[in-house]
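Comments concern the structure below.
This is the structure we're talking about:
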């Protein structure tokens, strides 16, 4: 049975961007020099064919896991499909067949994870049957499930929002003649400052001056001005945090400006190579540096955790290249394998000597970062004195119980789910993980949130709503307004003083966040007769205990009442049961 995740179409625009848009960030590979040996062309073709088959096998396994709703397993298989190519030791761009397939693979995985604004359906077998052939046609026989709103939230792929990473543009950026000209009086004066910074080490790390750094300064003073202005402005939100973490990890603080080139300081930035977050980790490197990626969170999009992982990775790379941060940044972008190979060809461990042998995007990447650092350290001198960085990102942190809906949290603090998602970009769903989790909330709201959470029973954290008591409202008027019986309101809100106002807990009646801990009966589920009767739970009861007492399937009873199987029930709580099963 196919799932609604196959709401994808392999659009024709991919053809126009595929050849230049894919980065090899953060995955080490081996020497790719074999491509230069003409006597090994046949062997390489066989190797590529085997790679495609192996990668496609992992992708198919991921599809099966996805159909079975094993989202963790699906992600692992998709990651293996991608990393089979990246870890092959071949420079993907040097082989059209491999490059085309890799582009298709990234797009297929990306579209399974990220919802399209206007989703279109496609039979996944279309690409799977011929993975090396680009197919831009929409199949006529689209036997896939229609887009539906499920009875329970889908945990896993598909709810996180993304923005385009600037890395994709950087991969194809070509400086024009004006930008390359460093002989003008203005450029010469500016370039002299670059040389001085290199000589005295004023950036906090050693680098070698080169005219290509000045060329990117020229770019940002002209065609790229808006990009620089936006980055300098957005840096205000995260630079203070990043400086602190880089300092704690013994990485030069100015290296934080790598984040501007990587993501323009957007926590939701995502590249065509599936790199994500402020620091653009691809899945494998994220795992390598402790960033969890599961149905609930993608910590590559986190703030502090991803920043610390980035600092640790950069420190690791700098140590690998004897403290050379130019080479460390190059490896951060293209992988240690590509940099090692370039160094071997150059015969010296120097970025500018290795420059001719590096991928195109890496050639742009390092001088771009160096130019950004120089401008950011003296924006007025370079014509950006009018840019005022935004205020630092401030928040309170609250430890939230297991599986609590963001809708409930937002209602408790009179804010929006969108605000909470903005403050917690690593969350993949509108529900917290299935473990206690630290959530960032608007400053000054933590106390009121904690007070509300203490009143909410554990079984209602992902299924209840809150409503504010209006002046003069009594229990009857609240019942009429919410459509919930007075008894249910009293059970959920014992000792509530309506005269004092405040918020009252209301069980979900189909318009709130539903429980994710059980599957509601579907079309092939046992049909229970109408005319449900009501019993009251005893102290210590759970749905499982009551189901056993009355001879009812526990999952059916959980579905009827919207309660988790083993959630403790308050004494006196009304539970609906089928009369024919008593």
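Numbering (this note's numbering), first residue to last: 6 to 587. We put the CB at the ideal spot given by N, CA and C, even for glycine. Predicted, not measured: the structure shown is a model, and the values here were computed from it.
Nearest Cα to residue 484 within the set 493, 477, 476: 493. Residue 461 and residue 407 have their C-alpha atoms roughly 12 Å apart. Under the three-state reduction of DSSP output, residue 459 falls in the helix class. The DSSP-derived three-state label of residue 365 is helix. The bridge partners DSSP lists for residue 321 come to none.
For residue 173, the enclosing alpha helix (DSSP H) stretches over residues 172-175. Membership of residue 402 in the beta strand (DSSP E) is indicated by the continuous run 401-405. In the same chain as residue 67, and ignoring 5 residues on each side of it, the C-beta atoms closer than 7 Å to its own belong to 79, 82, 83, 86, in chain order. If only uninterrupted alpha helix (DSSP H) runs of at least 4 residues are considered, none is enclosed by the stretch 223-252. The residues 354, 359, in chain order, have a CB closer than 6 Å to that of residue 348 in the same chain once the five nearest residues on each side in sequence are set aside.
Straight-line spacing of the CA atoms in residue 274 and residue 307 works out to 11 Å.
Listed as beta-bridge partners of residue 469 by DSSP are 512. In the three-state reduction of the DSSP assignment, residue 281 falls in the strand class.
Looking at 215, 52, 259, the one whose alpha-carbon comes closest to that of residue 383 is 259. Residue pairing by DSSP places residue 274 opposite 168 in a beta bridge.
Short of 7 Å from the beta carbon of residue 388, and not among the five residues preceding or following it, lie these beta carbons of its own chain, in chain order: 226. Non-local beta-carbon contacts of residue 399 in its own chain, meaning distances under 8 Å to residues more than five positions away in sequence, involve 448 in chain order. Secondary structure at residue 454: helix, using DSSP grouped into helix, strand and coil.
Taking every protein chain shown into account, the CB of residue 443 has fewer than 16 other CB atoms within 10 angstroms, so this residue is exposed. The stretch 203-219 makes no contact with the stretch 237-246; the number of CB pairs closer than 8 Å stays below 3. With a cut-off of 8 Å on Cβ pairs, the stretch 297-315 is in contact with the stretch 266-285, counting three or more such pairs. Excluding five sequence positions before and after residue 497, the CB atoms of its chain that fall closer than 6 Å to its own CB belong to 510, given in chain order. In this structure, residue 365 lies away from residue 89, with their beta-carbon atoms at least 9 Å apart. In the structure shown, residue 410 adopts extended strand secondary structure according to DSSP, grouped into three states.
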